[in-house]
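Under my numbering, think of the first position of the sequence shown as 1021, with each following residue one higher. First the structure, in the form of structure tokens, and then the observations on it.
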Amino acid sequence: MNFRESHDVAANSYHRFKEDVAKAKELKLNLYRFSISWARLLPTSNPSEVNPEGRQFYHDLIKEIKDNGMTPMVTLYHFDHPQSLQDEFFGWESDKMIEKFVAYADYVFKEYGNEVSLWTTINEPNQYCMYFNMLFALSGLVKASDVNIHRCMHNTILAHSKAYRLYQREYYPSQKGRVGATALLIHAEPQTASQQDIYAADAFNQLHCGQVLHPVVYGDYPDLVKKLTPSDQFIPFTPEEKAELEGSTDFIALNIYDGVKTEYSSTGYASRDNVPPVYDQLLENLPFVKFDKDGTALMVFDKISPEIMTRSLLWTWSQYGLPIVITENGYSGAGLQDHDRAAYFSVNLRNLVSTIRDYGVKVWVYCAWSLIDAFEWSAGFNRPFGLVYVDYKSGSLDRTLKQSSEFFIKLANSRKVPYVAPSTSATTVSSLISVFLPIVLLKISWE
């Protein structure tokens, strides 16, 4: 990312949302996921001080989505909150953030709940707490000693459960919507069948992903999180919090990109030269975990791994037994001729369908990341995921369908997942036959 550039405008979807919705319709999508900007809607965080233009924008966006035959899916929080909350108490590092978030959620449910039936609360809090808080420390904005990713996740988990209970109590009787918790899952697979390697994989999965999802299903942290998190970092839930947490999600929302293989090693931590530093605090508690390729896959978004979708779904289903909504799954690559992006979606959707068919995993929704090339945080505009190209180079921001868009159009027309071979012989896929796509992936079903 070039930090000298201004990224205030980005893709300018605020003014061009009708173009974006039209592109989604052209792709024959029937669900449109977006997030509401807390800072745009409530600039001071006070629900009595609403930005009227922001409020109307989301009404207009939801109407445009529905008028074009798509279902809106809304994420309440995708990494941005009013600056005052960061200045006053460092955001999610403070438990003061919990009541602020619940008040914001209350406003959103009241304002838009009659138009929206599918919600997620906080987008991948495990990634937010590791990635952004450690970036703050690495940039010198805060002291590394002041950052506690476990405290941050603890606060987001409680905020989720309180927002969920609020919805069930005040809004579900009339709105009948569903609310889910989201996590980034970088599934770890043991390098061998040894008990030590299995333990290493399980420890990573539980500390990275289970730390967020386990409490909202079972009411407490996984045992491995309690065991491996140092006492000066770990914050236990109270009995009252456990009761409120248990069963506080209608589905499990997953962001899936890639996975890793792990092995148990006494020198695991010392061999991580290529592990992204934003994971340091988490991995300090996993000194025995060694990654394949030194853990570079923790931040790889341009690899086609045929087994990842199946392993991710089976792990989640076996752990929690709840319906799954895939909120993000995508491939980063530049240019309009993006053959391997289509191959990525082909192998992932084919394995998704096979997993549903062979193992009975219930998947409600699949969302590709992303509709348009977007500003990708520290990667800036240099990590394009879109099915739609955005012309940042000329500054026109014109939208153009990429080659991979043909894949989704064919899928929608045929209700089959087209087979697309990757361009490199090193990447293989699990099946060459055409797979029928159950309509459950393209239409929300509560049954």
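Quick reminder that beta carbons are idealized off the backbone N, C-alpha and C, glycines included.
Please go through the same chain and pick out, in chain order, the residues whose beta-carbon is closer than 7 angstroms to the beta-carbon of Pro1256, but skip the five residues on each side of it. Within the same chain, and ignoring the five residues on either side of Pro1256 in sequence, no residue has its Cβ closer than 7 angstroms to its Cβ.
Our contact map puts Thr1375 next to Val1381 with C-beta atoms below 8 angstroms; I'd like the distance itself, whole angstroms only. Right, their Cβ atoms sit about 5 angstroms apart.
What three-state label does DSSP hand Arg1198 in the structure shown? In the structure shown, Arg1198 sits in a strand (DSSP, three-state: E or B).
For a minimum of 4 consecutive residues, which ranges assigned as the alpha helix (DSSP H) are wholly contained in the region 1207-1262? Complete alpha helix (DSSP H) runs here, min 4: 1215-1225, 1231-1238 and 1243-1248.
Select from Gln1147, Tyr1187 and Pro1193 the residue whose C-alpha is nearest the C-alpha of Cys1172. Minimum Cα distance to Cys1172 is reached at Gln1147.
Since Leu1391 and Gly1406 are thought to touch, with beta carbons under 8 angstroms apart, how far apart are those beta carbons, to the nearest angstrom? Indeed, because the Cβ distance is near 6 angstroms, the residues count as touching under 8 angstroms.
The region 1223-1242 touching the region 1260-1267, judged by at least three CB pairs closer than 8 angstroms: Cβ pair count under 8 angstroms is three or more, so yes.
Using the Cβ count rule (16 or more neighbours within 10 Å means buried), how would you classify Ser1057? Label assigned to Ser1057: buried.
Does the distance from the C-beta atom of Val1141 to that of Pro1102 stay below 8 angstroms? Position check: residue 1141 holds Thr in this sequence, whereas Val was assumed. No, Cβ-Cβ distance for Thr1141 and Pro1102 is not below 8 angstroms.
Helix, strand or coil for Glu1190? Go by DSSP, reduced to three states. Three-state DSSP puts Glu1190 in a helix.
Which listed residue (Gln1195, Val1408, Thr1336 and Leu1421) has its alpha carbon closest to that of Tyr1379: Closest by C-alpha distance to Tyr1379, out of Gln1195, Val1408, Thr1336 and Leu1421, is Thr1336.
Ile1328 in three-state terms, based on DSSP: Ile1328: helix per DSSP, three-state reduction.
Own chain partners of Arg1185 with C-beta closer than 8 angstroms, once the 5 adjacent residues on each side are dropped: If we look at Arg1185 and ignore the five residues flanking it on each side, its Cβ neighbours are Glu1264 and Ser1268.
Host beta strand (DSSP E) of Arg1419 (start-end): In this chain, the beta strand (DSSP E) harbouring Arg1419 covers Arg1419 to Leu1421.
Report the CB separation of Gly1160 from Glu1209 in whole angstroms; it is logged as a contact under 8 angstroms. Gly1160 to Glu1209, Cβ: 36 angstroms. No contact.
Residues near Met1154 in its chain [Cβ-Cβ closer than 6 angstroms; skip 5 each side]: When the five nearest sequence neighbours on each side are left out, the beta carbons in the same chain lying within less than 6 angstroms of the beta carbon of Met1154 are those of Val1298, in order along the chain.
Touch check for the region 1351-1369 and the region 1244-1261: three-plus C-beta pairs under 8 angstroms? Taking 8 angstroms as the limit for Cβ pairs, the verdict is that the region 1244-1261 does not touch the region 1351-1369.
Check whether the region 1419-1429 touches the region 1335-1350, counting contact only when three or more Cβ pairs, one atom from each stretch, lie closer than 8 angstroms. No contact exists between the region 1419-1429 and the region 1335-1350.
Between Asp1217 and Lys1116, what straight-line distance do the alpha-carbon atoms span, to the nearest angstrom? Taking C-alpha positions only, Asp1217 is separated from Lys1116 by approximately 40 angstroms.
Mind checking Pro1072: buried by the 16 CB within 10 Å criterion, or exposed? Exposed, because fewer than 16 other Cβ atoms sit within 10 Å of the Cβ of Pro1072.
Apply the 10 Å Cβ neighbour rule to Thr1258 and answer buried if 16 or more other Cβ atoms are within range, or exposed otherwise. Result: exposed.
Answer with buried or exposed for Asp1028, where buried requires no fewer than 16 other C-beta atoms within 10 angstroms of its C-beta. Exposed, since its Cβ has fewer than 16 Cβ neighbours within 10 Å.
For Asp1270, does the count of other Cβ atoms within 10 angstroms reach 16, so buried, or fall short, so exposed? Asp1270 is buried by the Cβ-count criterion.
Mapping DSSP to helix, strand and coil, what is Pro1297? Pro1297: helix per DSSP, three-state reduction.
If we ignore side chains and look at the alpha-carbon of each, how far apart do Val1245 and Val1408 end up? Taking the straight line from one Cα to the other gives about 40 angstroms.
Within its chain, find whatever has a CB closer than 8 angstroms to the CB of Ile1344; leave out the 5 residues flanking it on each side and keep chain order. Within the same chain, Phe1271, Ile1272, Ala1273, Leu1274, Leu1333, Thr1336, Trp1337, Val1381, Lys1382, Val1383 and Trp1384 come within 8 angstroms of Ile1344 by CB-CB distance, once the 5 residues on both sides are set aside.
With which residues is Glu1283 paired in a DSSP beta bridge? Paired residues: Lys1310.
Touching or not, the region 1347-1354 and the region 1295-1312, by the rule of three or more beta carbon pairs under 8 angstroms? Verdict: no, contact absent.
Presumed contact (8 angstroms Cβ cut-off) between Val1136 and Gly1074, rounded CB distance: Rounded, the Cβ-Cβ distance is 16 angstroms, inconsistent with contact.
Please work out which residues of its chain come closer than 8 angstroms, Cβ to Cβ, to Ser1033, disregarding the five sequence neighbours upstream and downstream, and give them in chain order. These residues qualify, in order along the chain: Asp1040 and Ile1392.
From the DSSP secondary-structure annotation, give me the bridge partner or partners of Phe1054. DSSP lists Val1094 as partners of Phe1054.
Going by DSSP, what residue range makes up the alpha helix (DSSP H) through Glu1348? Here Glu1348 belongs to no alpha helix (DSSP H); instead the beta strand (DSSP E) covers Ile1344 to Glu1348.
Give the DSSP bridge partners of Ala1183, in chain order. BP columns for Ala1183 are empty, so no partner.
Specify, as a first and last residue, the run of the alpha helix (DSSP H) that Leu1081 falls within. Per DSSP, the unbroken alpha helix (DSSP H) holding Leu1081 starts and ends at Pro1072 to Asp1087.
Using a 10 Å radius around the Cβ and a threshold of 16 neighbouring Cβ atoms, would you call Arg1370 buried or exposed? Classification of Arg1370: buried, given that the 10 Å Cβ count is 16 or more.
Excluding the 5 residues preceding and the 5 following Glu1084 in the sequence, name in chain order all residues of the same chain whose CB lies nearer than 8 angstroms to its CB. The answer, listed in chain order, is Phe1037, Lys1038 and Val1041.
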